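Single-structure report; data block below.
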Amino acid sequence: MRGSPTDPSTSVRHRRARRTAGAVASAALLLPLLGAAPYDGGSDNGDGQASASSSAQSSSLPSAALQNAFSAAADEYDVPLSVLLAVSYLQSRWDTHAGAPSVTGGYGPMHLTDARTAIARSVAPHHSDGTEDPRGDDSRDTLLPDTEVTGSQVTDAHVPENDQLPARLKTLGKAAELSGIPAERLRTDAAANVAGGAALLAAAQKRLGEPLSDDAADWYGAVARYSGADDTATAARYADDVFDVIRRGEERTTDAGQRIALAAQPRLRPATAQLKEAGLRAPAAGATECPSTVSCEWIPAPYEEFGDGDYGNHDLSDRPKSQSIKYIVVHDTEGAWDGVLTMVQDPTYVSWQYTLRSSDGHIAQHVKAKDVAWHAGNWYINSKSIGLEHEGFLTAPDTWYTEAMYRSSARLVTYLAKKYGIPLDRQHILGHDTVPGTTTATIPGMHTDPGPYWDWAHYFALLGKPLRATAGPKGGLVTVAPKFATNKPVFTGCVTAGEPCPVHGSSAVRLHTEPREDAPLVKDIGLRPGGGDSTTGVNDLGSRVSTGQQYAVAGRDGDWTAIWYLGQKAWFKNPAKQPTAVDAAGSVITPKDGPAEIPVYGRAYPEKEAYPAGVPVQAVSPLPYKLLAGQKYAVGDKVPGEYFYAPTFDTAPHRVVRGSDLYYEIQFGHRVAFVRAADVRVMPSA
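Quick note: the sequence shown uses my numbering, first residue 2, plus one each step.
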């Protein structure tokens, strides 16, 4: 999402978003918990199975202990074991996260929520670093709206009372009341947490007037209520997902090394009519652009004038008729659900197409796909993309995203990709952190979310595109693919500059100048024009790659692999027994014979001759990087230069300018970039 400008006076115009005190508190709600035991990872690696990664806390437990806890809780509270297991899988994939809360204050395998405690234990607000103009359009004044939380310390004023929180954010207290188990045990003890979840399910079943049946099909209404959703569509989607888990069955090893299995019941048909008795509201009216497999409501962002000829907070267009949609950009919100929804409805703020809620995967759509939202900091990317904000925090490794949100996001992206012909790869499914700066001056301020703790491997497995080798050993391309649970690079600055972040599984792999761990990190002259060193800062993208990205191989030396990166050779550790990348087949670009170097661009804009009268010519501004002769880079689309001119509320002067110059998108550094097709040739990677 958007970072807060460190010096608003440097912008041409500094807008202050209008927010109530309640919105500020809501946006601060669920600041990440710091000081809890570190999450020990846990993710599948494309095959649906997870790597065992036992923490010191749980290494002495037998691997069947958690499975037995589920069985015991099911017996004690008369809840079908399959229902209990499936609800837990959809919330946490049976992981315990070593007692750390989710981004919505949910604890343990059953995701029992205690948002007030999570907030009270927080140390400081967290954010995606960067001061970018979210529009990234040189034809308009800079847009730098305020963010929702200021200050460096969470105070009592930020901690809401329980009666101010929605029911979905305080289920742990109810579980304690029903089970008699102390709240702290429900937060930290996995077996107790499971029992608390079983107590909640049984209570929901009784409130519906349904018997405590042994038949899982009789528990549809109770499962729907467990979601915490207050509308029928979200509750039904959640329950449908739970029963789909039961029908398919699941088996995996958790983050604490516990082996859990749920046998498939393919013929199960739940009593969906129970939902009518659940007392939930109908979803908000409005035509959304979502698949039927998710819960989605229309909460529109405003398109309106508000003085001084200004307007917000997006631009009307006619995509894909006027111009193609080629990218989906994954963001995190850096705030909580209610506050984020307040901001996107503010005409003086910025916009994106969809927001996804972590607790249950519910989706709100704000801007139609045909229109252009202001979210990515690069006008070329904005004009050709759809932005998805996920409730969460970049610099909070000791919080976690729910399986419900990952699944909901993957379904939405799959739907959009099919509808608009967007390939499911990392050159089209972009993180905000991989969107390039538009000019040299904008590079240091570009945002860095969703960051190194977003599980790209699991996400692409859910997209139906698991990250696997597509070439034999020693190929010319590699796909970055570390095991999330066991890949734990050191990061600093999550709370205090220079201080280590909690240890956590990560999608990131660090790059060195030579094939040894004590070699210096590679440098990024765009981030540090003076030649300063890259750091291990959580927001420093100068010397790291991310899961799913592809790079041309520049060399191999024992356990180390070199790639071409930002115009230089960069090394990462890639041992055969614990690889951090797999070999891939595909095409690469390399400079045509002759020039020693060619320019690299952050946007694919037309040549000046393509602009009609009345549309100001946009500079084709090269970035400070150079692509040198003999180097190779993974290639994506070949695209014409294109610029969407839309600086006015009145759409009559809007134009899409398309040139004859062609560009290739490439994976150049951590971010993508563009090169002119006339400067390069395409060749097979091998």
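No residue lacks a Cβ here, since even glycine has one placed at the ideal position from N, Cα and C. Every value quoted in this text rests on a predicted model; they were computed, and no experiment measured them.
Separation of A257 and P110 (C-alpha to C-alpha, rounded to the nearest whole angstrom) is 11 angstroms. About 6 angstroms separates the Cβ atoms of Y634 and W565, confirming a contact at the 8 angstroms cut-off. For H332, the uninterrupted beta strand (DSSP E) run begins and ends at 328 to 333, by DSSP.
Judged by DSSP secondary structure, F645 falls outside any alpha helix (DSSP H) and instead within the beta strand (DSSP E) spanning 634 to 646. Apart from sequence neighbours up to five positions away, the residues of its chain that approach I430 with a beta-carbon distance below 6 angstroms are I329, ordered along the chain. According to DSSP, V658 shares a beta bridge with Y644. N379 is positioned such that its CB atom lies closer than 7 angstroms to that of V436.
In the three-state reduction of the DSSP assignment, G340 falls in the helix class, which pools H, G and I. For the 7 angstroms CB-CB criterion, V351 and P135 form a contact. One alpha carbon belongs to L342, the other to E133, and they sit about 21 angstroms apart. When the beta-carbon positions are compared, G538 and G494 come within less than 7 angstroms of each other.
In terms of Cβ geometry, Q428 and E666 form a close pair [threshold 7 angstroms].
Looking at V621, A571, R672, P648, the one whose alpha-carbon comes closest to that of Y312 is P648. The shortest C-alpha to C-alpha distance from A66 to any of T255, Q206, H448 is the one to T255. Per the coordinates, the alpha-carbon of S325 lies some 13 angstroms from the alpha-carbon of L417. Under a 10 Å Cβ-count criterion, G527 is classified as buried, with 16 or more other Cβ atoms of the shown protein chains found around its own Cβ. Here P613 is exposed: its Cβ has fewer than 16 other Cβ atoms, across all protein chains shown, within 10 Å. Sequence-distant Cβ neighbours of L464 in its own chain, meaning closer than 7 angstroms and more than five residues away, are A411, V414, T415, L425. In this structure, S103 sits near T403, with a CB-CB distance shorter than 7 angstroms. Distance check between H98 and each of H112, L86, V88 places H112 closest, using alpha-carbon atoms only. One Cα belongs to P348, the other to Y78, and the distance between them is close to 50 angstroms.
For F71, the enclosing alpha helix (DSSP H) begins and ends at 66 to 78. It is roughly 8 angstroms from the alpha-carbon of A553 to the alpha-carbon of Q632. Of the residues assessed, G137 falls on the buried side of the cut-off, its CB having 16 or more other CB atoms within 10 angstroms. Using a Cβ distance threshold of 7 angstroms, L468 and G549 count as a contacting pair. Ranked by Cα distance from G452, the options T105, L201, Y646, P490 are led by P490. Contact between the region 473 to 482 and the region 564 to 581 is present, with at least three C-beta pairs closer than 8 angstroms.
The region 502 to 526 contains, as complete beta strand (DSSP E) runs of 3+ residues, the segments 509 to 511 (chain order). G559 sits away from A605, with the two beta carbons spaced by 7 angstroms or more. If you draw a straight line from the Cα of S508 to the Cα of Y454, it comes to about 6 angstroms. The region 431 to 483 is shown to contain whole beta strand (DSSP E) runs of 3 or more residues at 478 to 481, in chain order. For G388, the enclosing beta strand (DSSP E) covers residues 386 to 391. By the beta-carbon neighbour count (other beta carbons within 10 angstroms, threshold 16), T652 is exposed. Contact annotation: R249 and A265 have beta-carbon atoms nearer than 7 angstroms.
Judged by beta-carbon spacing, R282 lies within the 7 angstroms limit of D232, meaning their Cβ atoms are closer than that value. DSSP, reduced to helix, strand and coil, places I564 within a strand of the structure shown.
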